[in-house]
Amino acid sequence: EAGVAQSPRYKIIEKRQSVAFWCNPISGHATLYWYQQILGQGPKLLIQFQNNGVVDDSQLPKDRFSAERLKGVDSTLKIQPAKLEDSAVYLCASSLAGTERETQYFGPGTRLLVL
Amino acid sequence: AQKVTQAQTEISVVEKEDVTLDCVYETRDTTYYLFWYKQPPSGELVFLIRRNSFDEQNEISGRYSWNFQKSTSSFNFTITASQVVDSAVYFCALTGDSSYKLIFGSGTRLLVRP
Numbered sequence: 001e002a003g004v005a006q007s008p009r010y011k012i013i014e015k016r017q018s019v020a021f022w023c024n025p026i027s028g029h030a031t032l033y034w035y036q037q038i039l040g041q042g043p044k045l046l047i048q049f050q051n052n053g054v055v056d057d058s059q060l061p062k063d064r065f066s067a068e069r070l071k072g073v074d075s076t077l078k079i080q081p082a083k084l085e086d087s088a089v090y091l092c093a094s095s096l097a098g099t100e101r102e103t104q105y106f107g108p109g110t111r112l113l114v115l
Numbered sequence: 001a002q003k004v005t006q007a008q009t010e011i012s013v014v015e016k017e018d019v020t021l022d023c024v025y026e027t028r029d030t031t032y033y034l035f036w037y038k039q040p041p042s043g044e045l046v047f048l049i050r051r052n053s054f055d056e057q058n059e060i061s062g063r064y065s066w067n068f069q070k071s072t073s074s075f076n077f078t079i080t081a082s083q084v085v086d087s088a089v090y091f092c093a094l095t096g097d098s099s100y101k102l103i104f105g106s107g108t109r110l111l112v113r114p
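As given, the protein sequences belong to chains A and B, one line each in that order.
Residues 1 to 115 in my numbering are what the first sequence spells out, letter by letter.
Residues 1 to 114 in my numbering are what the second sequence spells out, letter by letter.
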């Protein structure tokens, strides 16, 4: 069974530029998550989708970050404009139905460096 | 509020040594779930184990074992006869019935030297 796919794996941009990340969850998983992992820290949830609806985006800096999950499968996360402090690894995860008892499976992440 | 503490920032051992990674959690939930993930240098978080709050049985999987103690709010992870391939950052995480959000600790970096 294919795992969570993410692209690109690495991205370097200048501050104030925009960037987008793509995620394809495990087939059949209704719930998709985007996490931000700053160096030396654990991942922090940015947004959670159930199918194509948003369940939790309380930690998403909505002035510059946006995310969508059209058709309830793939998702994109966008940053516009990027700041230096956005340098981090962006991890996508998925689970079957999004309950607390389920395991979340993670993709390889996208390493973003903002100069 | 839920919280996970991994007090060991970095541990260095020589191959074949046993090593224990500590995890202490805080939650007010009656039902909760604890997880361990491994993050190798490639960056992907690899799921290792999930344990619910009603199951305090210790678990062993090959060289890995987990000790869950509700009395001390701990869920420690032991690697027996460590190998170089075990070098990674290990995260403990928590979720509960009051919030589906997965809360991670800050991770423990394990370096196994040949």
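Beta carbons are placed, not taken as given, at the ideal position from N, Cα and C, and that holds for glycine.
Residue i - containing beta strand (DSSP E), residue span
i      : result
I38/A  : No beta strand (DSSP E) contains I38/A, which DSSP labels as neither H nor E.
I13/A  : 10-13
V46/B  : 46-52
A93/A  : 88-95
I26/A  : Per DSSP, I26/A belongs to no beta strand (DSSP E) and is neither H nor E.
E10/B  : 10-14
V24/B  : 24-26
E85/A  : Note, E85/A: premise wrong, no beta strand (DSSP E); not H, not E.
Q6/A   : 5-7
N76/B  : 74-79
K101/B : 99-104
G53/A  : 53-56
V126/A : Chain A is shown from 1 up to 115; residue 126/A falls before or after that span and cannot be answered.
A67/A  : 65-68
C-beta contact flag for residue i and residue j at 8 Å
i     : j      : result
L32/A : S75/A  : yes
T27/B : G105/B : no
L34/B : F75/B  : yes
A67/A : I47/A  : yes
A93/A : Q104/A : yes
Q6/A  : P108/A : yes
V13/B : V85/B  : no
G3/A  : I26/A  : yes
T20/B : F77/B  : yes
S82/B : D18/B  : yes
Y37/B : T99/A  : no
D22/B : A1/B   : no
Same chain, Cβ closer than 6 Å to residue i, five either side skipped, listed in chain order
i      : result
L115/A : E14
L102/B : A93, T95
K78/A  : A20, S66
N24/A  : A5, D74
P40/B  : A88
H84/A  : In the sequence as displayed, the identity of residue 84/A is Leu instead of His. Excluding sequence neighbours, L84/A sits near K15, V114.
Contacts around residue i, its chain only, beta-carbon distance under 8 Å, and the 5 residues preceding and following it disregarded
i     : result
D97/B : D29, T30, T31, Y32
K70/B : S53, E56
R50/B : Y33, L34, F35
N58/B : S65, W66, N67, F68
Of the residues the options, the one placed nearest residue i, counting alpha carbons only
i      : options                    : result
G42/A  : R63/B, Y90/B, N58/B        : Y90/B
A82/A  : Q50/A, I12/A, G40/A, C92/A : I12/A
T25/B  : S73/B, Y37/B, Q39/B        : Checking the sequence shown, residue 25/B turns out to be Tyr, not Thr. When only C-alpha atoms are compared, the closest one is S73/B.
K71/A  : L96/A, N52/A, L84/A        : N52/A
Y10/A  : G43/B, Q8/B, I49/B         : G43/B
W22/A  : D57/A, S95/A, V54/A, R69/A : R69/A
E102/A : P41/B, E10/B, F47/B        : F47/B
P114/B : K16/B, L45/B, T9/B, E10/B  : K16/B
Under 8 Å by beta carbon: chain B residues contacting residue i
i      : result
Y105/A : F47
Chain-ordered neighbours of residue i on chain B, where CB pairs are closer than 9 Å
i     : result
L32/A : Those within 9 Å of L32/A in chain B number zero; the least Cβ separation is about 13 Å.
P8/A  : Under the 9 Å cutoff, chain B gives no residues; its nearest Cβ is about 13 Å from P8/A.
Residues that residue i contacts on chain A, provided the C-beta gap is smaller than 7 Å
i      : result
F104/B : G42, P43
Y25/B  : Here the premise fails: no neighbours, minimum Cβ distance about 13 Å.
Y64/B  : The contacting residues do not exist; Y64/B stays about 16 Å from chain A at best.
Chain B residues whose Cβ lies nearer than 7 Å to that of residue i
i      : result
G109/A : G43, E44
L91/A  : L45
D57/A  : By Cβ distance, chain B contributes nothing, its closest Cβ being about 12 Å from D57/A, past 7 Å.
Where residue i meets chain A, residues with beta-carbon distance less than 8 Å
i     : result
F91/B : G42, P43
Cβ-based neighbour list, residue i, same chain, cut-off 7 Å, excluding 5 preceding and 5 following
i     : result
Q80/A : S18, R64
A97/A : A30, T31
D86/A : I79, L112, V114
Min CB distance residue i to chain C below 8 Å
i     : result
R50/B : Of the protein chains in this structure, namely A and B, none is chain C.
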